[in-house]
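Heads up: the sequence shown is residues 229 to 368, going by our numbering. Comments concern the structure below.
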Amino acid sequence: MWAPAVRRPPGRGRTKEVTMASKKDSAFTTEALREAIEADSGDGLLALYEDDAQIRVIDQADQPSHPKVLRGRGEIEEMLADIYSREMIHRLDQCVIDGDHAAFTESCQYPNGNKVYAESMVTLRDGRISEQILIQAWDE
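Here it is as structure tokens:
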């Protein structure tokens, strides 16, 4: 989630090992998404995206008429690196998968108690995210 930055001290946070899946054996599951979101880096989450994936981000700064659009794994990787460089806890709250579509809710919390909440709707292709609409809000 794209919210005001707070640096994460090295070695802090949860310590889960996330295995990068190859394109052949990648499958979008609730457990794979949970492990990726709740990890200490965005690497596992990035592995769930197609190379040509697109994310539309809607929030206080990027209104529905003019959303931020991230195109391709490079731009998505940059966003995830920013997010996971912050000192915050990430949690997958809910996930529903129906064929080539999924929806999930995610919540995050900074050490000062400020929270970030996000809802995503994704389209899947070959078990990976090809399109995502991300709507998020955060405490200021």
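Glycine included, each C-beta is placed from N, C-alpha and C at the ideal position.
Under 8 Å, do A331 and M307 count as touching if we go by C-beta distance? no
For a minimum of 3 consecutive residues, which ranges assigned as the beta strand (DSSP E) are wholly contained in the region 244-314? 277-286 and 296-299
Inter-residue Cα distance where the pair is C323 and Q288: 24 Å
Do E334 and L320 come within 8 Å of each other at the CB atom, strictly closer than that value? yes
Give me, in chain order, the residues of the same chain whose beta-carbon lies closer than 6 Å to that of I217; leave out the 5 immediate sequence neighbours on both sides. No answer is possible for residue 217: it lies beyond the span of the chain, which begins at 229 and ends at 368.
Candidates E305, I265, N340 and K296, of which the one nearest E278 by Cα: E305
Please state whether the Cβ-Cβ distance between A255 and G355 is less than 8 Å. It is a contact, given that the beta carbons lie within the stated cut-off.
Roughly how many angstroms separate the alpha carbons of V234 and S313, rounded to a whole number? Since pLDDT at V234 reaches only 40, below the 50 mark, its modelled position is unreliable, and no value is offered.
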